[in-house]
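A.B. asks: Once you've had a glance at the structure underneath, I'll fire off some questions.
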Amino acid sequence: RGVHTSVDRAILVAGIGQQNLVRVPIKGDWRGMDPDALRQAIEADIAAGLQPAGLILCVGGTGTGATDPVDACLQIAEEYGLYSHIDAAWAGSAMICPEYRHYWPGVERADSIVFNPHKWLGVQFDCSAHFLKNPDDLVQTLAISPEYLKTHGKDGIINYSEWSVPLGRRFRALKIWFLIRTYGLEGLRQRLRNHIDWSQKLHDSLALEPDFQIITPPMWSLWTFRYAPEGAEDLDDLNLRLVNAINDDGRIYLTQTRVDGDLVIRFQAGQFETTEADVMMAHAVITEIASQL
Ligand SMILES: *Cc1c(COP(=O)(O)O)cnc(C)c1O
48 RGVHTSVDRA
58 ILVAGIGQQN
68 LVRVPIKGDW
78 RGMDPDALRQ
88 AIEADIAAGL
98 QPAGLILCVG
108 GTGTGATDPV
118 DACLQIAEEY
128 GLYSHIDAAW
138 AGSAMICPEY
148 RHYWPGVERA
158 DSIVFNPHKW
168 LGVQFDCSAH
178 FLKNPDDLVQ
188 TLAISPEYLK
198 THGKDGIINY
208 SEWSVPLGRR
218 FRALKIWFLI
228 RTYGLEGLRQ
238 RLRNHIDWSQ
248 KLHDSLALEP
258 DFQIITPPMW
268 SLWTFRYAPE
278 GAEDLDDLNL
288 RLVNAINDDG
298 RIYLTQTRVD
308 GDLVIRFQAG
318 QFETTEADVM
328 MAHAVITEIA
338 SQL
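The sequence shown runs 48 to 340 under our numbering.
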């Protein structure tokens with residue numbers, strides 16, 4: 048239900064039509080897709096004479112880090128022969144650390160996975176990695192082979208131009224290579240682990256403040272909170288004023304989202320050079336500015 052707007056846009060561009068995008072209700076602590084509701088939605092479409100075409104899952108949604116139960120949902124996709132895609136644009140970087148892979152059990156069943164090394168991994172913008180179980184699906188959809196692009200006698204070479212809409216493409220993988228050569232996989236893992244640990248530590252300290260409520264728990268380095276001092280009336284307005292005042296102050300930058308209709312504030316650590324002191328400073332900034340509202 049909480050998929051990124053990129054999915055809406057893809058549906059638009061592909062000509063599938065907004066009315067054919069079915070949003071499945073969520074449940075549980077991870078605010079992920081309810082597999083029973085998924086099955087019901089598929090059955091309802093089939094009963095109505097419609098042909099379900101594919102399933103798009105999210106691991107680490109933008110608002111709160113919402114994560115679909117990958118294994119259960121992909122099992123259903125297989126049962127009904129649906130193409131499956133996982134959007135892990137942000138959180139996918141953390142999967143270089145084995146201990147966070149429990150967030151996507153069964154991921155190997157997916158037909159397609161995207162994550163953006165230009166987000167959390169630290170590659171210079173832009174660089175998105177697309178993993179495909181069977182690239183032929185894309186080649187069959189997108190390949191056009193005019194005579195001038197044929198390299199005769201070279202059957203079996205991979206023409207990446209046949210995997211995507213643009214023909215020309217930059218050598219973005221080189222940027223990942225340099226990043227890994229410079230920092231090492233262990234170095235990159237340590238950065239991500241630090242962000243997650245420090246974010247958790249800040250969460251734990253803000254959770255002790257009586258005037259603040261934790262709304263969604265840490266998913267990797269992302270969690271949300273709300274300022275709710277006793278007697279306050281319009282909490283949405285109060286929290287919008289708080290997030291604006293924090294950003295005007297300029298020591299830290301936060302954004303807001305809505306959880307079950309309520310305006311809440313997001314905390315997320317992930318910038319490449321972030322230090323523990325940067326993250327822990329947020330406690331003083333948030334409480335100080337809140338007390339001045
Ligand atoms: C950033 C993000 C996107 C958009 O990624 P682009 O590669 O810029 O299209 C999609 N989904 C999620 C969950 C994201 O965090």
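Cβ atoms here follow ideal geometry from the backbone N, Cα and C, with glycine treated the same way.
Quantities reported herein were computed from a predicted structural model and do not represent experimental measurements.
In the DSSP assignment, find the unbroken beta strand (DSSP E) run with Asp309 in it and report its ends.
C.D. replies: Where Asp309 is concerned, the enclosing beta strand (DSSP E) stretches over Asp309 to Gln315.
A.B. asks: Within this structure, are the beta carbons of Phe162 and Ala136 separated by less than 7 Å?
C.D. replies: The answer is yes: Cβ separation under 7 Å.
A.B. asks: Please return the same chain residues whose Cβ sits closer than 8 Å to the Cβ of His51, not counting the five positions on each side in sequence.
C.D. replies: Same-chain partners within the cutoff: Cys105, Gly108, Thr109, Asp134 and Ala136.
A.B. asks: So the candidates are Pro152, Glu335 and Trp151; which of them puts its Cα closest to the Cα of Glu256?
C.D. replies: Here the closest residue by C-alpha is Glu335.
A.B. asks: Starting from the Cα of Phe314, find the closest Cα among Thr322, Ala324, Thr302 and Glu320 and give me that residue.
C.D. replies: Ranking the options by Cα distance to Phe314, first place goes to Thr302.
A.B. asks: Can you check DSSP and say which residues form a bridge with His149?
C.D. replies: Its beta-bridge partners do not exist; DSSP assigns none.
A.B. asks: With DSSP as the reference, label Phe259 as helix, strand or coil.
C.D. replies: Correct three-state label for Phe259: strand.
A.B. asks: Under a three-way DSSP split, which group does Asp76 fall into?
C.D. replies: Correct three-state label for Asp76: coil.
A.B. asks: Given Ile204, which residues of its chain have a CB within under 6 Å of its CB, disregarding the five upstream and five downstream residues?
C.D. replies: Same-chain partners within the cutoff: there are none.
A.B. asks: Under 6 Å from any heavy atom of ligand 1, does the C-beta of Ala136 make it?
C.D. replies: Result yes, Cβ under 6 Å from ligand 1.
A.B. asks: So does Thr109 have its beta carbon nearer than 6 Å to some heavy atom of ligand 1?
C.D. replies: Thr109 Cβ: within cutoff of ligand 1.
A.B. asks: Measure how close the beta-carbons of Ala316 and Val326 come, nearest whole angstrom, since I'm counting them as under 8 Å.
C.D. replies: Contact holds; Cβ gap of about 5 Å.
A.B. asks: Assuming Ala274 is part of the alpha helix (DSSP H), what are its boundary residues?
C.D. replies: The sequence given here has Tyr at residue 274, not Ala. Careful: Tyr274 lies outside any alpha helix (DSSP H), inside the beta strand (DSSP E) at Leu269 to Tyr274.
A.B. asks: State the start and end residues of the unbroken beta strand (DSSP E) segment that holds His330.
C.D. replies: Looking at the DSSP string, His330 is not in any beta strand (DSSP E); the run it does join, the alpha helix (DSSP H), is Glu323 to Ser338.
A.B. asks: Which residues mark the beginning and the end of the alpha helix (DSSP H) in which Ile93 is found?
C.D. replies: Counting along the chain, the alpha helix (DSSP H) containing Ile93 begins and ends at Pro82 to Ala94.
A.B. asks: Could you give the DSSP three-state label for Gln98: helix, strand or coil?
C.D. replies: Gln98: coil per DSSP, three-state reduction.
A.B. asks: Quick one: measure Cβ to Cβ for Ala113 and Trp77, integer angstroms, because I've assumed they're closer than 8 Å.
C.D. replies: Yes, they are in contact, since the Cβ atoms of Ala113 and Trp77 sit about 6 Å apart, within 8 Å.
A.B. asks: Taking C-beta to C-beta, are Leu102 and Ala124 nearer than 7 Å?
C.D. replies: In this structure, Ala124 lies closer than 7 Å to Leu102 by Cβ.
A.B. asks: Hey, Leu285 and Leu340 are a contact pair by Cβ (cut 8 Å); roughly how many whole angstroms apart?
C.D. replies: Yes, Leu285 and Leu340 are in contact; Cβ-Cβ is about 7 Å, under 8 Å.
A.B. asks: Can you determine whether any heavy atom of ligand 1 sits closer than 6 Å to the C-beta of Ser53, and answer yes or no?
C.D. replies: Correct: Ser53 has its Cβ closer than 6 Å to ligand 1.
A.B. asks: Under 8 Å: do the region 233-250 and the region 140-149 share three or more Cβ pairs, one atom per stretch?
C.D. replies: These segments touch.
A.B. asks: Which of the three DSSP states is assigned to Ile143 in this structure?
C.D. replies: Of the three classes helix, strand and coil, the one that applies to Ile143 here is helix, per DSSP.
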